[in-house]
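Numbering-wise, my numbering comes out as the position in the sequence shown, counting from 1, plus 166.
Glycine is no exception: its CB is placed at the ideal position from the N, C-alpha and C atoms.
Okay, structure first, notes after.
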Amino acid sequence: MKNENATAPTIFLIFGATGDLTYRKLMPALYNLILDDMLPESFSVVGIGRSDMNKEQLMTKLKEGAVSFSRRPVDDEKWTLLCKNFGFINGDFADPALYENVNKAVNDFKAIHPERYNVIVYLAVSPVFFGPITKNLAPYSFIKRRDQTRFVFEKPFGHDLQSALDLNKEIMSVLRENQIYRIDHYLGKETVQNILAFRFANSFFEPLWNKNYIEWIQISSLEKVGLEGRGGYYDNSGALRDMIQNHMLQLMCMIAMEPPISFAADEIRNKKADVLHAVRKYSEQEVFQYTARGQYGAGKIGDEVIPAYRTEKNVRPDSNTETYAAAVLHIETWRWEGVPFYIRTGKNLSQKATTIAVKFKPAPSYSFPKEATNNWKSNLLVFNINPKMDIHLMFQAKVPGQMMQLSQVNMEFDFEKELTANTPEAYEHLIYDVLEGDATLFMRSDQVEAAWQIINPILNAWQNNKDLDFPNYAPGSNGPVKSDELLAKYGHTWLNP
């Protein structure tokens, strides 16, 4: 059942309407929400962009994006329904006249819905515009409607700890925390949300979810693709900033958080913040003991020739930017003391897979005949998040026959088979949460800052010490040898899906 916020008349302001995110994600998500009757009856979209095009040209472009990236075919009637109140404001983000026009669009919407209306300001723009756009909107009255006006900020939120602190201070001089939705699209994925249901709606796992039974946890986000034309952005970011600081630390929080007393947004976010605050912060001297980095060289994946990272377009020829990052993190709580959390991400690897693997400590085998335990393996729980969406539990079972022989078998829950063949995309979930005013899956300022406190020493150590081995892994491989050596120190290996 929809709540009152989700049904209230809403004007959706998209800064960056002519950009790739709106083209590939936002408009396809809005289209699917209208197909599912999840948008308010009175819903208006106003695109704000800097590109030199008119409304008709933009609408044509956005429909092409919906046709290409919507999970369902585009029906002309439904598309027209979504776009019947579409407006477009073209201009420079530094021009005060642009914001006057935005305010006029809001006032025109207010005139039709004077009793109650929501304003959602979506900043699908470069982070350098987050502060200036927010401050330029500050004088207008709709900003001060604290419960009805919400701002959505895309990642990255800050470039390091100090820039994140500065950005939080800048936008919170205008907005209150309850108006701010820092989006991480990973948290909108069905499998990620199902982690909470899996852990806290089933009584048989929670008693085992601790250092007494779990040996290690691995979180991997592996990509077969390279830069895809984003050399300029990526060379100033790298794998650590691009993936680990936000997506992967948030996945770790979902796995490691304590049971909440309710599913209220701040209760969930409090528990996740507790995890981040409990992560051991490394000194710059310790960083190289607990981390590994890599950069791909030239090679081939199948028949495709892959250029070395340093020869990619808009990448510096002597770049020290990592395209692969791995770390061992320790959460210093009673529940997780001594359990290593292994995290890795990289580009141009052998496969595309985002997974969370939980390895349980081995059961004692002394009661079985020696020949029965030749294939003895520990219990393993795997959450596949992308591109597959399923959960696997691997456990020991007897092989049929006269002898007592044990082998690992697999119990699988497949989202596509069991629930629906047309699972909503992450942005559909998250946009609807913004409509509802539900901030559960969005990062709060203290979470952002705590994540940067973990990452900042690693960034500083890597930036201050040039890696003389780059490039150190081939395209199509599982990453650099240093990453394997990192786990070998603990007697463990990476689980390759």
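Query: Going by alpha carbons, who is nearest to I624 out of G392, I180, V453?; Result: V453
Query: Taking only the alpha-carbon atoms, compute the straight-line gap between N545 and Q517 and give it to the nearest angstrom.; Result: 24 angstroms
Query: Since I believe F178 is in contact with L289 (beta carbons under 8 angstroms), could you give me their beta-carbon distance rounded to a whole number of angstroms?; Result: The Cβ separation is near 12 angstroms, so there is no contact.
Query: Q574 lies in the beta strand (DSSP E); which residues open and close that run?; Result: 572–580
Query: Keeping to the same chain, check which residues put their C-beta closer than 6 angstroms to that of I346; ignore five residues upstream and five downstream.; Result: F317
Query: Name the residue from R311, L388, I421 whose alpha carbon lies nearest to the alpha carbon of L406.; Result: L388
Query: In whole angstroms, what is the alpha-carbon distance linking I385 and P483?; Result: 31 angstroms
Query: Indicate the three-state DSSP secondary structure (helix, strand or coil) for Q384 in the structure shown.; Result: strand
Query: Once DSSP output is grouped into helix, strand and coil, what is the label at G257?; Result: coil
Query: Using a Cβ-Cβ cutoff of less than 6 angstroms, which residues in the same chain neighbour P528 once the five nearest sequence positions on both sides are dropped?; Result: S544
Query: Per DSSP, what kind of secondary structure is E230 in: helix, strand or coil?; Result: helix
Query: Just the C-alpha distance for G324 and E584, rounded to the nearest angstrom, thanks.; Result: 39 angstroms
Query: Taking just the CA atoms, how far does E450 sit from N630?; Result: 10 angstroms
Query: Taking one C-beta from the segment 242–257 and one from the segment 182–198 each time, how about it: are there three or more such pairs within less than 8 angstroms?; Result: yes
Query: Quick check on P425: buried or exposed, where buried means 16 or more other Cβ atoms within 10 Å of its Cβ?; Result: exposed
Query: Closer than 8 angstroms by C-beta to G395: which residues in its own chain qualify, once you throw out the five before and the five after it? Chain order, please.; Result: K479
Query: How is the beta strand (DSSP E) around V494 delimited, first residue to last?; Result: 490–496
Query: So L572 and Q562 are in contact, right, with Cβ under 8 angstroms, and what is the actual spacing, rounded?; Result: 5 angstroms
Query: Thinking W382 and Y508 are a contact (beta carbons under 8 angstroms), I'd like their distance in whole angstroms, please.; Result: 6 angstroms
Query: Under 6 angstroms Cβ to Cβ from T738, same chain only, skipping five residues before and after it: list those, please.; Result: The chain is shown from 167 up to 663; residue 738 falls before or after that span and cannot be answered.
Query: Cα separation between F295 and M420?; Result: 30 angstroms
Query: Do L442 and I620 have their CB atoms nearer than 8 angstroms?; Result: yes
Query: Between the alpha carbons of N302 and F319, how many angstroms are there, rounded?; Result: 16 angstroms
Query: Does the segment 232–240 come close enough to the segment 205–217 to have 3 or more Cβ pairs within less than 8 angstroms?; Result: no
Query: Please state whether the Cβ-Cβ distance between Y593 and L248 is less than 8 angstroms.; Result: no
Query: For W628 versus R501, is the C-beta distance shorter than 8 angstroms?; Result: no
Query: According to DSSP, is V548 part of a helix, a strand, or is it coil?; Result: strand
Query: Closest by CA to V614, which one among I361, P530, S369, K321?; Result: K321
Query: Using a Cβ-Cβ cutoff of less than 7 angstroms, which residues in the same chain neighbour S236 once the five nearest sequence positions on both sides are dropped?; Result: P194, Y197, N198
Query: Taking just the CA atoms, how far does R312 sit from G213?; Result: 22 angstroms
Query: Quick one: measure Cβ to Cβ for T489 and G512, integer angstroms, because I've assumed they're closer than 8 angstroms.; Result: 6 angstroms
Query: If you check the beta carbons only, do R108 and E498 fall under 8 angstroms apart?; Result: Residue 108 is absent from the model: the chain starts at 167 and stops at 663.
Query: Let's see if you can read the secondary structure: which residues bound the alpha helix (DSSP H) around I200?; Result: 193–201
Query: Starting from G520, follow its DSSP beta bridges and name the residues at the other end.; Result: The sequence given here places Thr at residue 520; Gly does not occur at that position. Paired residues: S387, N552.
Query: Given D496, which residues of its chain have a CB within under 6 angstroms of its CB, disregarding the five upstream and five downstream residues?; Result: The question names Asp, yet the displayed sequence has His at residue 496. Only R446 meet the Cβ criterion.
Query: Taking just the CA atoms, how far does A367 sit from T300?; Result: 40 angstroms
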